[in-house]
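Visitor:
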Amino acid sequence: MQRRDFISFVGGAAAAWPVAVRAQQPERVRQIAMLNALGSDDTEAQARIAVFKQSLQQLGWVVGQNLKIEIRQIGADVDRLRSNAVELVALAPDVIFTIGSVAVALLQQATRTIPIVFVNAPDPVGAGFVQSMAHPGGNITGFSNFEYSMSGKWAELLKQIAPKVTRALVLRDPTSAAGIGQFAAVRSIAQSLGLELTPVNVRDNDEIEQSAAAFASSGNGGMIVTAGGTGARRRLIISLASRYKLPSVYPYRYYAVDGGLITYGPNTLDPVRRAAGYVDRILKGEKPDNMPVQAPTKYDLIVNLKTAKALGLTIPQSLLATADELIE
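Just so we're on the same page, the numbering used here is the position in the sequence shown counted from 1, plus 6.
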C-alpha cells in the first residue's frame, strides 16, 4: 500500500470509529414510576400491573432491557400514599403512571413538571388536575372513569333488585371532588325513588363498621358504594353487606368477583392498556398538555347470582337479560 493510500485508509477508519462506537452503545433505560392506592396483595392491583407491563411490551418496552418500573402500592392509608408519592417524585422518573383521584392529587402536590398519566379519576377538571378534557394544559393527562350523571343509575339499580328498600347507606369520600359529585348525583334522584340516604365517610374502617351496624338496626336498608376511596376497603364493605343482609350496588366488576351483589361501571383494565399508549408517546417525546383526557365509552352491568341467592333476592328477568355478565 502506498503512503498516500495508507493515510486515506487510516483517516477514513478514524472518521467511522465514533459511529461504530455509538452503534454499539446500549439504549438508555427509561424509568416509569407507578402509584396505586390498592395494596400489593390485591388481585385487581396485580391484574393492572400485568396488563400495563404487557401493553408496554407490545409497544417495544421491556422491563429489564430498556425500561425500569418503580411501583408503590400500599392500600388505603392516605399518609403512606402521600409519602410514596413524594418518594417516587424524588426518583425523577421519565413519567409517572397512577390510578385513582386520591393518588393523582397527591402527585400533583409533589410535582408540576414530571409527566403524569392517570386512570380512574372521575372528574379531572373539577378536581383541578387538568384545564379541560380536550386540552389538559399541564403535566397531567389520562383516562377518566365516570360521568357524575350516571351515578344515579346505582340508586335505580338498588330499587330494581330490592324494591322494598327505602333507606340507603352511601359510602363516599367527602374530601374529593369525585366523592362529592357522585353523592350529589345519587341524591338528585333518591327522593323520586323513595330512598332516604345516609352518607358515610370511607376513609376510616371503624367508622364504616359502626355506621353499617347502626344503619342495619332498622329495616328496609340497602347500600350504594361510590367509586373513589372504596376499592382498597372493598372486602370489608362486602363482608358488612353480607353480615347485615344489605342489598348493595358497587362501581366495578372486581367487587362482584369478590362477592358484591351487583356492579355498574366501566371496565378497569381497558384504560390501563390505553394509558400504556400515552406513556409510550411521552417516552418518545410528546408532552401531556395536548394529549386529551379520554372518557369511557361503555359501562358494564355485572350480577353475582350466588350473592343474590344468599340474600334471598330474585333478580328481575329484565335486569338479567341486560347484564353483561352473570357470576354464579
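We put the CB at the ideal spot given by N, CA and C, even for glycine. All values derive from a computational prediction rather than experimental measurement.
So E213 is in the alpha helix (DSSP H); what residue range does that whole segment cover?
Guide: Walking along the sequence shown from the start, residue 213 turns up at place 207. Its alpha helix (DSSP H) spans residues N211 to A222.
Visitor: Could you check whether V95 and L275 sit closer than 7 Å to each other, using their CB atoms as the reference points?
Guide: On the sequence shown, residue 275 is found 269 positions in, with the first residue counted as 1. On the sequence shown, residue 95 is found 89 positions in, with the first residue counted as 1. Contact: no.
Visitor: Beta strand (DSSP E) containing S150: first to last residue?
Guide: Here residue 150 refers to the residue found at position 144 of the sequence shown. No beta strand (DSSP E) holds S150; DSSP gives it neither H nor E.
Visitor: Using a Cβ distance threshold of 8 Å, determine whether the segment 56-72 contacts the segment 268-284, with at least three qualifying pairs required.
Guide: yes
Visitor: Quick one: grab the DSSP three-state call for F135.
Guide: Position 129 of the sequence shown holds residue 135. Coil.
Visitor: Threshold first: 4 residues or longer. Then list the alpha helix (DSSP H) segments lying entirely within the segment 233-288, N to C.
Guide: 240-249 and 259-263
Visitor: Suppose only complete runs of 4+ residues qualify. What are the alpha helix (DSSP H) ranges in the segment 43-92, listed by chain order?
Guide: 49-64
Visitor: Between which two residues does the beta strand (DSSP E) carrying L307 extend?
Guide: On the sequence shown, position 301 is the one that residue 307 refers to. First-last of the beta strand (DSSP E) with L307: D306 to N310.
Visitor: I'd like to check one pair, V123 with Y258: are the Cβ atoms closer than 7 Å?
Guide: What you label residue 258 is simply residue 252 of the sequence shown in a count that begins at 1. What you label residue 123 is simply residue 117 of the sequence shown in a count that begins at 1. No. Outside cutoff.
Visitor: Drop a sphere of 10 angstroms on the beta-carbon of R118, count the other beta-carbons inside from all chains shown, and report buried for 16 or more, exposed for fewer.
Guide: Along the sequence shown, one-based indexing puts residue 118 at 112. It counts as exposed.
Visitor: So if DSSP puts L332 in a beta bridge, which residue, or which two residues, is it bridged to?
Guide: The residue given as residue 332 occupies position 326 in the sequence shown. L332 pairs with V309.
Visitor: In whole angstroms, give me the CA-to-CA distance for Q37 and I120.
Guide: Position 31 of the sequence shown, counted from the start, is the residue given in the question as residue 37. Position 114 of the sequence shown, counted from the start, is the residue given in the question as residue 120. Approximately 12 Å, taken between the alpha carbons.
Visitor: Would you list the one or two residues that DSSP bridges to A174?
Guide: In the sequence shown, residue 174 corresponds to position 168, counting from 1. A174 pairs with L203 and G228.
Visitor: Using only CA atoms, which one of T104, L164, V84 and Q71 lies nearest to Y270?
Guide: Position 264 of the sequence shown, counting from 1, holds the residue named residue 270. The shortest Cα separation from Y270 among T104, L164, V84 and Q71 belongs to L164.
Visitor: Could you check the C-alpha separation between L332 and L199 for me, to the nearest Å?
Guide: For the purposes of this step, residue 332 is taken as the residue at position 326 of the sequence shown. For the purposes of this step, residue 199 is taken as the residue at position 193 of the sequence shown. Cα atoms of L332 and L199: separation of roughly 26 Å, rounded to the nearest angstrom.
Visitor: For the segment 185-198 against the segment 138-149, do three or more pairs of beta-carbon atoms, one drawn from each stretch, fall closer than 8 Å, so that the two count as touching?
Guide: no
Visitor: Would the beta-carbon of D179 fall within 7 Å of that of G134?
Guide: Sequence index remark: in the sequence shown, residue 179 carries index 173 (1-based). Sequence index remark: in the sequence shown, residue 134 carries index 128 (1-based). Contact: no.
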